[in-house]
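Undergrad:
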Amino acid sequence: MENTVVSYFFQFDCVKDFLARMSESLGFNVIPLFVVAVFLLAILVVIGGLALVGGAGTLAERKISADMQLRYGPNRVGPYGLLQFLADGVKMFLKEDVIPTDADKFLYLVAPVLCIVGVFGTFAVIPFSDGFAITDLNVGVFYLFGISSLVGVGVFLGGYASNSKWSLLGGLRGASQIVSYEIPVTLSALSIVLLAGGLSFGTIIGAQSNLLEQYSWGHGLPWNWFIFHNPFTIVGFFIFFIGALAEANRAPFDLPEAESELVSGYHTEYSGMRYAFFALAEYIEIFVVCGTAVALFLGGYNVPFKIGGDGIVGQLLQAGVFIGKTFAMYYVVIWVRWTLPRLRVDQLMTLCWKYLTPISLFNLIGCAVWMYLFNGKSFLQLFF
Amino acid sequence: MFEIGLFSYLVIGLILFATGILVMIARKNIIAILLGIELILNAAALNFVAYSKYSVGNLDGHVFSLFIIVVAAAEAAVGLAIVIRFFQIKETAHIDDAVLLKN
Amino acid sequence: MFGTILFICSAIFTICGAVMVAVSKNVIHASIYLLISLIGVAGLYLTLGADFVAVTQLVVYVGGVVILMLFAIMLTGGADLKVVSRYGFTKDPGMGSLKTYVIGGLTSLFMAIVTGKLIYNAVINTTTENQLNMENSVEQTVSKIGTLLVTKHVLAFEISSILLLGALVGAAIIARPVKLGDE
Amino acid sequence: MNVDIFGVYFPIVLLIVIGFLFVAVTLLVTKVVRPNRPTPLKQQIYDCGENPVGKAWSAFNVRFYIVGLIFIIFDIESALMFPVVSVFKKMQEMGNGGLILIEILIFLLVLIFGIAYCWRRGDLDWVKSYHVNKK
Chain A
17 MENTVVSYFF
27 QFDCVKDFLA
37 RMSESLGFNV
47 IPLFVVAVFL
57 LAILVVIGGL
67 ALVGGAGTLA
77 ERKISADMQL
87 RYGPNRVGPY
97 GLLQFLADGV
107 KMFLKEDVIP
117 TDADKFLYLV
127 APVLCIVGVF
137 GTFAVIPFSD
147 GFAITDLNVG
157 VFYLFGISSL
167 VGVGVFLGGY
177 ASNSKWSLLG
187 GLRGASQIVS
197 YEIPVTLSAL
207 SIVLLAGGLS
217 FGTIIGAQSN
227 LLEQYSWGHG
237 LPWNWFIFHN
247 PFTIVGFFIF
257 FIGALAEANR
267 APFDLPEAES
277 ELVSGYHTEY
287 SGMRYAFFAL
297 AEYIEIFVVC
307 GTAVALFLGG
317 YNVPFKIGGD
327 GIVGQLLQAG
337 VFIGKTFAMY
347 YVVIWVRWTL
357 PRLRVDQLMT
367 LCWKYLTPIS
377 LFNLIGCAVW
387 MYLFNGKSFL
397 QLFF
Chain B
27 MFEIGLFSYL
37 VIGLILFATG
47 ILVMIARKNI
57 IAILLGIELI
67 LNAAALNFVA
77 YSKYSVGNLD
87 GHVFSLFIIV
97 VAAAEAAVGL
107 AIVIRFFQIK
117 ETAHIDDAVL
127 LKN
Chain C
2 MFGTILFICS
12 AIFTICGAVM
22 VAVSKNVIHA
32 SIYLLISLIG
42 VAGLYLTLGA
52 DFVAVTQLVV
62 YVGGVVILML
72 FAIMLTGGAD
82 LKVVSRYGFT
92 KDPGMGSLKT
102 YVIGGLTSLF
112 MAIVTGKLIY
122 NAVINTTTEN
132 QLNMENSVEQ
142 TVSKIGTLLV
152 TKHVLAFEIS
162 SILLLGALVG
172 AAIIARPVKL
182 GDE
Chain D
16 MNVDIFGVYF
26 PIVLLIVIGF
36 LFVAVTLLVT
46 KVVRPNRPTP
56 LKQQIYDCGE
66 NPVGKAWSAF
76 NVRFYIVGLI
86 FIIFDIESAL
96 MFPVVSVFKK
106 MQEMGNGGLI
116 LIEILIFLLV
126 LIFGIAYCWR
136 RGDLDWVKSY
146 HVNKK
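Chains as they are written, first to last, in the numbering used here: chain A, 17 to 400; chain B, 27 to 129; chain C, 2 to 184; chain D, 16 to 150.
1. In angstroms with no decimal places, state the Cα-to-Cα distance between residue 19 of chain A and residue 47 of chain A.
2. Counting pairs of beta carbons, one from the segment 282-292 of chain A and one from the segment 45-61 of chain A, are three or more of them closer than 8 Å?
3. Give the interface partners of residue 122 of chain D over in chain C, defined as CB-CB distance under 8 Å, in chain order.
4. Looking only at its own chain, which residues have a Cβ that is under 7 Å from the Cβ of residue 140 of chain A, when we skip the five neighbours before and after it?
5. Which residues in chain C have a C-beta closer than 8 Å to the C-beta of residue 84 of chain D? List them in chain order.
6. Does the beta carbon of residue 29 of chain D come closer than 8 Å to any beta carbon on chain F?
7. Helix, strand or coil for residue 120 of chain B? Go by DSSP, reduced to three states.
8. Within 10 Å of its beta-carbon, does residue 15 of chain D have 16 or more other beta-carbons around it, so buried, or fewer, so exposed?
9. Where do the N-terminal and C-terminal ends of the alpha helix (DSSP H) with residue 208 of chain A fall, by residue?
10. Can you check whether the C-beta of residue 119 of chain B is within less than 8 Å of a C-beta belonging to chain D?
11. Per DSSP, what are the beta-bridge partners of residue 55 of chain B in this structure?
12. With a cut-off of 8 Å on the beta carbons, I'd call residue 118 of chain D and residue 155 of chain C a contact; round off their distance for me.
13. Thinking residue 71 of chain B and residue 43 of chain B are a contact (beta carbons under 8 Å), I'd like their distance in whole angstroms, please.
14. What residues of chain C sit near residue 166 of chain A, judged by a beta carbon separation below 7 Å?
15. With three or more beta-carbon pairs closer than 8 Å as the criterion, would you say the segment 342-353 of chain A touches the segment 290-309 of chain A?
16. Please confirm whether residue 105 of chain D has its beta-carbon closer than 8 Å to some beta-carbon of chain C.
17. To the nearest angstrom, how far is it from the Cα of residue 142 of chain A to the Cα of residue 306 of chain A?
18. Would you say residue 48 of chain C and residue 7 of chain C are within 8 Å of each other, going by their C-beta atoms?
19. Nearest by alpha-carbon distance to residue 89 of chain D: which of C:109, C:31, C:164, C:101 is it?
20. Start and end of the alpha helix (DSSP H) containing residue 156 of chain A?
21. Against chain A, does residue 111 of chain D count as a neighbour if the rule is that its beta carbon must be under 8 Å from one of theirs?
22. Kindly list the residues whose CB is nearer than 7 Å to the CB of residue 102 of chain B, restricted to its own chain and excluding five residues on each side of it in sequence; keep chain order.
23. Do residue 201 of chain A and residue 166 of chain A come within 8 Å of each other at the CB atom, strictly closer than that value?
24. What does residue 54 of chain C touch in chain B if you count any residue whose Cβ is under 7 Å from its own?
25. Run through chain C and tell me which residues come within less than 8 Å of residue 118 of chain D, C-beta to C-beta.
26. Taking only three categories from DSSP, how would you classify residue 54 of chain D?
27. Kindly list, in the order they appear in chain A, the residues whose Cβ is closer than 9 Å to that of residue 143 of chain C.
28. Could you tell me how far apart the beta carbons of residue 171 of chain A and residue 282 of chain A are, in whole angstroms, since I believe they sit closer than 8 Å?
29. DSSP three-state label for residue 77 of chain C, please.
30. I'd like to know whether the C-beta of residue 8 of chain C is nearer than 8 Å to at least one C-beta of chain B.
31. Taking only the alpha-carbon atoms, compute the straight-line gap between residue 237 of chain A and residue 24 of chain A and give it to the nearest angstrom.
32. Within 8 Å of any Cβ in chain D, is that where the Cβ of residue 57 of chain C sits?
33. For the alpha helix (DSSP H) holding residue 81 of chain A, just list the boundary residues, first then last.
34. Helix, strand or coil for residue 108 of chain C? Go by DSSP, reduced to three states.
35. Output, in chain order, the set of chain C residues within a Cβ distance shorter than 7 Å of residue 243 of chain A.
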């Protein structure tokens, strides 16, 4: 059940033959070496790719916002300003690293590490395709929520360690916001787990591949997605998306770092690379939560009509579809940021506890009842 | 290389338990005492899972440690609420100040 | 091989974290060391093939209890050590003094020896014949635990919801701010 | 040809280690190239340009704790619900769907009662926490 990149490669006979021959000629078992090498390669590719996404995210944000406000945006570095984020990165590298004298040095160091580790840990289960997910744990969704809650601790500690009033306010707000919005997100994910019958991303996405057996050509088309499964999941998707925005500290929920009231929130005192860690973690986390939303509600890596089959080409196409959907979500996130004004703290908490949480509880019960009454059939399956 | 068996896990659980007791007795801050209690409960949960693998052979131990985690978290929530209430009244979180049964 | 390495690393994390909880002088640092120790325990659960329990440990402790502890520490005056009580006389610092450490050390040593003897006797008499086959146990822990929770342990499952209700209502009542003019 | 059974967890540990290394290596590299000219004024905490007054580490409002409290109860609840919910489909196919549905409903309704109580008593209000008992 638990697939990894390595087990994907092990299903090819040529790989097995190659390894067996290598072991014979070298005189020792090369399989552990191969396993480690493949994992390391996959992880480095994913981290490199997502770090690029995080960097390009800042550029995309500025470009898209400029587009929406009829400005040019960054257009000096490279063609159309495409290399702007590299210039920003170099600037971050060369910045002086100021640690306030009154800060708690140990926690000041630990906080960005927790943010980075919490975000990097989630990469392990992001389902790029059915073979290329780094590992497909059978506690996948739950693991993702667990490891990403390290970010909340990191944000709180970042605010606490600086010993600045702005930072502390931002950190407290950030931690309480992240933890409160985790509830609606988890509850909507629960209703999806209920419909899919498993916690691993492989099971969840597999359940969205083809619902109508008699029309097998409809593989991967939108009506198979969980968002259109029943009326409750449509609402569930929007709850998940709103909660994910708040968990990633995005506008309109960017209260922990609200410029106009808290200077820069929990990372006011951070400069140079340490600030860059927080920013990188934030931009990558947006990708991760968008990817999770795509995997849970929008069909994940299912390619329409199953183009490409199961081979390497199919895997690449699946990864392309997944990443494409995720980028579309990413665009929506940025769009939302430049469209909606920021909420107040009390509105934020009211929205979470008085609207989203009761609705998502109701959704969970609704999905359970739907599952029982209609035997897990989707809305469409009832008619066809 | 040594063999990892039931005994290794029990020793780790024992060390956790002993450290938890030490924290509980040595600390005067009530929240620090609660940290010690968490360590002790974790030691118990670890033993349950270890026995579940090495001795019993079914997953009841996992369920038990799940419930231990549940109870530990609920205990932490109520305990911390009491500490906060205590702090509101006495303006201290020192265990030696909690000598009266009322107020 | 990897299991051994993971075990050793997690054990070191667990024990070092626990010891640092015992010796650190700052209660916020202590709770961060507790976090490290709890992550180590989650690693130990992984080596035992209990993936769901490990992740639950991560979710409940890292995301929940530690954040709650940090909030509570902030609500009770941060990491300031109030050496002088409000009645004016000096007393032990909040994180313990030499005297308390000696007493605590002796007590925990005593309890460790007694418990260790018990454990030793128990292990000597326990057969480890019927240990789980790893291959099967990792495969389906979640659904097995789920099945156990709705069949054999259903009473505990339902009662735990009552426990949670009690904890929620009780703690909310206790921690509710004192009203002016209420007393 | 058996891959190590812990192979599924190996990448997680690797990722966490790489996360640590990423931070450590980057900070070391920047230490070489960046300037380092600390002055007392520069290392002061930002307080809108004034000299900071007092420490920031002081006691805070209790409503943050209440939020954390309700969160942790629901966190545990979801931790218990995940395995139960994931076997619903299997049980439904075995014909026990009604039983498990009732169990889930009881569990959830008890918690809904809890949050309804908190709502009624005003613990979910962010601003009005102090005026609850006035009536």
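Heads up, the beta-carbon is just placed ideally off N, CA and C, and yes, glycines get one too.
Here the structure is a predicted model, which means the values were calculated and not measured.
TA: On the basis of the coordinates in this document:
1. 17 Å
2. no
3. 158, 159, 162
4. 150, 151
5. 69, 169, 172, 173, 176
6. No chain F appears in this structure, whose protein chains are A, B, C and D.
7. strand
8. Nothing about residue 15 of chain D can be read from this structure; chain D reaches only from 16 to 150.
9. 181-212
10. no
11. B:120
12. 6 Å
13. No, residue 71 of chain B and residue 43 of chain B are not in contact; Cβ-Cβ is about 11 Å, not under 8 Å.
14. 63
15. yes
16. yes
17. 11 Å
18. yes
19. C:164
20. 156-177
21. no
22. 60, 64
23. no
24. 75, 88, 91, 92
25. 151, 155, 158, 159
26. coil
27. 154, 155, 158, 214, 215, 216
28. 5 Å
29. coil
30. yes
31. 25 Å
32. yes
33. 47-84
34. helix
35. Near residue 243 of chain A there are no residues of chain C at all, since even the closest Cβ is about 24 Å away, more than 7 Å.
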